[in-house]
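Structure record follows, encoded as structure tokens.
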Amino acid sequence: MPESKVLLDAAAVQRVLARMAHEIAERNDNSSQVVLVGIQRGGIYLAQRLADLLQGVWGHPVPVGHIDVCMHRDDLDQHLAPQVHPTAIPCDVTSKTVVLVDDVLFRGRTTRAALDALNDLGRPRAVQLAVLIDRGHRELPIKADFVGRNVPTSLKERINVQLQEEGGADGVFLEHL
Amino acid sequence: MIWNRKHLLDIQSLSAEEICTVLDTARAFKAVGERVIKKVPALRGKTVINLFIEPSTRTRISFELAAQRLSADVINFTAEASSLKKGETLKDTARNLEALNADIIIIRHSATGAPHFLSRFLNASVVNAGDGAHEHPTQALLDLFTIREKKGAIAGLNVTILGDILYSRVARSNIWALLKLDAKVTLCGPATLVPREFEQMGCRITHDVIEAIRHADIINLLRIQHERQRKTMFPSIGEYASLFGLNQARLASTRPDVVIMHPGPINRGVEIDSDVADGERSVILEQVTNGLAVRMAVLFLINGGKGPQEISG
Chain B
-10 MPESKVLLDA AAVQRVLARM AHEIAERNDN SSQVVLVGIQ RGGIYLAQRL
40 ADLLQGVWGH PVPVGHIDVC MHRDDLDQHL APQVHPTAIP CDVTSKTVVL
90 VDDVLFRGRT TRAALDALND LGRPRAVQLA VLIDRGHREL PIKADFVGRN
140 VPTSLKERIN VQLQEEGGAD GVFLEHL
Chain U
303 MIWNRKHLLD IQSLSAEEIC TVLDTARAFK AVGERVIKKV PALRGKTVIN
353 LFIEPSTRTR ISFELAAQRL SADVINFTAE ASSLKKGETL KDTARNLEAL
403 NADIIIIRHS ATGAPHFLSR FLNASVVNAG DGAHEHPTQA LLDLFTIREK
453 KGAIAGLNVT ILGDILYSRV ARSNIWALLK LDAKVTLCGP ATLVPREFEQ
503 MGCRITHDVI EAIRHADIIN LLRIQHERQR KTMFPSIGEY ASLFGLNQAR
553 LASTRPDVVI MHPGPINRGV EIDSDVADGE RSVILEQVTN GLAVRMAVLF
603 LINGGKGPQE ISG
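Top to bottom, those sequences are chains B and U.
Counting along the first sequence from 1, when you hit position 116 you're at 105 in our numbering, and nothing is skipped either side.
Plus 302 on top of the position in the second sequence (first one is 1) and you've got our numbering.
This is the structure in structure tokens:
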């Protein structure tokens, strides 16, 4: 078992998501044009939770979809073929403000792939990025608009995000490999 | 999710989990085909060669489009316009294609085992697009994909394969795949075209068409392969149609939710009547659409590298 340290417990995850939802609401006056898109897999649950919280703020449902970036990755030659899931976004993203949602922002390559994948689906008016954890070590010029918690890490560490949708309790852990 | 194969040579050597991996992956690729931009960059910079030593239109076009939708470059190579006519061996032809830095070679050949043969000395990935009367793995995978889409699950279904089993690589691949996924397979056709050997694989054999289709959830019709028959295996096409052809009268004895499949090209009025082929229970054209998605999935999976399956960041 790797050594594990709690970064966020269940209550903290809730508080952080509530703040992020308010920040998204503050940044986007035109609430009817906002679509939340979760990145497979962890981002899907977080996007749904943020959409529920935003509905509380805005008073109307917020469209939420999910996107799979495997077909757009730049490291397909270096790995066995990854598991691909269908992409499903409930509306045309053209001229909408898309908020991409992911659990952990690390090298930035998944976000890059998500931007390319999104581009194939339409031309959003703007794309914003919301992540629960930013652990640093970017390899591309990518920055999140909404961050739950900045966590300086070493490359020997791993962030483990557990969400109640997958069974068990919410929690974010820093593991030393 | 299990996949670490470099080639797709046959269904016989695949596990049930591997078959399901292809079917799950194909779901995502089917969605790509429904978008305005029907193309993803997964095979950008790769070269795919369609090496079709035996004539084919639909399978070649399906593979060609699948490769193009994955952003690969595709070259079509047909036997009629090649050095094979000048006496070059298959091995030399394949080596020459590999010298052009081909990454994936898709082969159709009249000889059983031709894809396996190529895979033993090529560095490129090899996909079997039909080898003689042996196997046609992507056809079986697209048939299973279609069945799963229509019926939800495959285990426990009654699947009847009706027609020319003896000469059919589609039948062989389908039988392997269906049995691995725990379907119950019934074979039906003239005794000369349905060898008893298939009983040893676990299939039920009957020569009574009504008995074969009465309880079927799926009827998969196979074309009578004139080109593979060296001698006449049944008296006449007309007799085949009257004894085994699927028409409205025979359809009346089936389950109301039966699904009619056919790998194409169909011989209207022989193995299937026009009003059945074009009827609401037929999924023949959906099979074509699904074939594209399944072939994209296969090319995507075999193109994978050697590292771990889980990727992050």
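Every residue gets a Cβ at the ideal spot worked out from N, C-alpha and C, and that includes glycine.
Coil, strand or helix - residue i by DSSP
i       : result
K132(B) : coil
L25(B)  : strand
K482(U) : helix
S412(U) : coil
Q44(B)  : helix
R570(U) : strand
D66(B)  : helix
S107(B) : Going by the sequence as given, residue 107(B) is Leu instead of Ser. Note: L107(B) maps to helix in three-state DSSP.
L316(U) : coil
D159(B) : coil
C80(B)  : coil
V561(U) : strand
T488(U) : strand
E336(U) : coil
H74(B)  : coil
F536(U) : coil
S373(U) : coil
S475(U) : helix
E582(U) : coil
Any non-hydrogen atom of the ligand NAP closer than 7 Å to residue i Cβ
i      : result
V24(B) : By its list of ligands, the structure shown contains no ligand whatsoever, and the ligand NAP lies outside what it can speak to.
Continuous beta strand (DSSP E) stretch holding residue i: start and end
i       : result
A431(U) : 427 to 433
A115(B) : 115 to 123
F354(U) : 349 to 354
N460(U) : 460 to 464
L89(B)  : 86 to 94
Q151(B) : 146 to 151
V511(U) : Unbroken run through V511(U) is the alpha helix (DSSP H), 511 to 515; no beta strand (DSSP E).
F602(U) : Unbroken run through F602(U) is the alpha helix (DSSP H), 586 to 604; no beta strand (DSSP E).
N522(U) : 520 to 523
First through last residue of the alpha helix (DSSP H) which encompasses residue i
i        : result
S544(U)  : 539 to 546
D(-2)(B) : Per DSSP, D(-2)(B) belongs to no alpha helix (DSSP H) and is neither H nor E.
R127(B)  : Element bounds for R127(B): n/a, residue is neither H nor E.
Closest residue to residue i among the options (Cα-Cα distance)
i        : options                            : result
A431(U)  : I467(U), I339(U), S475(U)          : S475(U)
D(-2)(B) : D18(B), E164(B), A158(B)           : A158(B)
P130(B)  : L163(B), L43(B), T99(B), L107(B)   : T99(B)
H165(B)  : E146(B), E155(B), G156(B)          : E146(B)
V93(B)   : R124(B), D64(B), F162(B), V23(B)   : R124(B)
Q527(U)  : N569(U), I507(U), T440(U), L545(U) : N569(U)
P79(B)   : E155(B), N139(B), V24(B)           : V24(B)
V596(U)  : P567(U), L367(U), R557(U)          : L367(U)
D433(U)  : G465(U), D405(U), N425(U), A473(U) : A473(U)
H309(U)  : L468(U), F602(U), S427(U)          : S427(U)
K668(U)  : E390(U), L353(U), L443(U), T508(U) : Outside the shown range of chain U (303 to 615) lies residue 668(U), about which nothing can therefore be said.
P439(U)  : W478(U), I512(U), G454(U)          : W478(U)
I520(U)  : T462(U), A374(U), R506(U), E356(U) : T462(U)
L163(B)  : S143(B), D109(B), G156(B)          : S143(B)
V652(U)  : D445(U), E513(U), R506(U), E573(U) : For chain U, the structure presents residues 303 to 615; residue 652(U) sits outside this window and is missing.
M303(U)  : H517(U), S470(U), A328(U)          : A328(U)
R360(U)  : S470(U), E513(U), Q550(U), P567(U) : P567(U)
A103(B)  : R30(B), A40(B), L6(B), K(-6)(B)    : R30(B)
A369(U)  : K388(U), W305(U), R346(U)          : R346(U)
F419(U)  : K348(U), D312(U), L480(U), A518(U) : D312(U)
V469(U)  : H436(U), D484(U), L446(U), R450(U) : The residue asked about is misnamed: residue 469(U) is Tyr in this sequence, not Val. Here the closest residue by C-alpha is H436(U).
Short CB-CB distance (under 8 Å) between residue i and chain U
i       : result
L144(B) : no
T86(B)  : no
H61(B)  : yes
Q151(B) : no
P113(B) : no
V140(B) : no
A70(B)  : yes
H49(B)  : no
Chain B within 8 Å of residue i, Cβ atoms only
i       : result
F447(U) : no
A426(U) : no
N306(U) : yes
F602(U) : yes
G540(U) : no
Problem set entry | the region 52 to 61 of chain B contacting the region 143 to 157 of chain B, beta-carbon criterion three pairs below 8 Å | Output reads no: the region 143 to 157 of chain B does not touch the region 52 to 61 of chain B.
Exercise. Okay, do the region 315 to 335 of chain U and the region 564 to 582 of chain U touch, 3+ Cβ pairs below 8 Å being the bar?
Worked result: No, the region 315 to 335 of chain U is not in contact with the region 564 to 582 of chain U.
For this session: Please determine if the region 332 to 341 of chain U and the region 405 to 415 of chain U are in contact, where contact requires at least 3 C-beta pairs separated by less than 8 Å.
Result: Touching, no, given that fewer than three Cβ pairs across the two stretches are closer than 8 Å.
For this session: Give a yes or no on contact between the region 23 to 42 of chain B and the region 102 to 122 of chain B, applying the rule of three or more CB pairs nearer than 8 Å.
Result: As far as the Cβ criterion goes, the region 23 to 42 of chain B touches the region 102 to 122 of chain B, which means the pair count is three or higher.
Exercise. Three or more C-beta pairs closer than 8 Å, one from the region 386 to 406 of chain U and one from the region 319 to 329 of chain U: is that the case here?
Worked result: For the pair of segments examined, the region 386 to 406 of chain U was found not to touch the region 319 to 329 of chain U: the number of CB pairs separated by less than 8 Å stays below three.
Exercise. Counting pairs of Cβ atoms below 8 Å between the region 372 to 380 of chain U and the region 457 to 471 of chain U, do you hit three or more?
Worked result: The region 372 to 380 of chain U and the region 457 to 471 of chain U do not touch, with fewer than 3 CB-CB distances between them shorter than 8 Å.
For this session: Taking 8 Å as the threshold, find out whether the region 84 to 101 of chain B comes into contact with the region 6 to 22 of chain B through three or more Cβ pairs.
Result: The region 84 to 101 of chain B, when compared against the region 6 to 22 of chain B, does touch it at the 8 Å Cβ threshold.
For this session: May I ask you to verify whether the region 551 to 567 of chain U touches the region 533 to 541 of chain U, counting CB pairs closer than 8 Å and requiring at least 3?
Result: Verdict: no, contact absent.
Exercise. Given 8 Å as the limit, is there contact between the region 494 to 502 of chain U and the region 328 to 337 of chain U, that is, 3 or more CB pairs closer than that?
Worked result: Here the region 494 to 502 of chain U does not lie against the region 328 to 337 of chain U, with fewer than 3 beta-carbon pairs under 8 Å apart.
Exercise. If you pair each beta-carbon of the region 508 to 517 of chain U with each one of the region 488 to 496 of chain U, do three or more pairs fall below 8 Å?
Worked result: Yes: the two stretches touch, three or more of their Cβ pairs being nearer than 8 Å.
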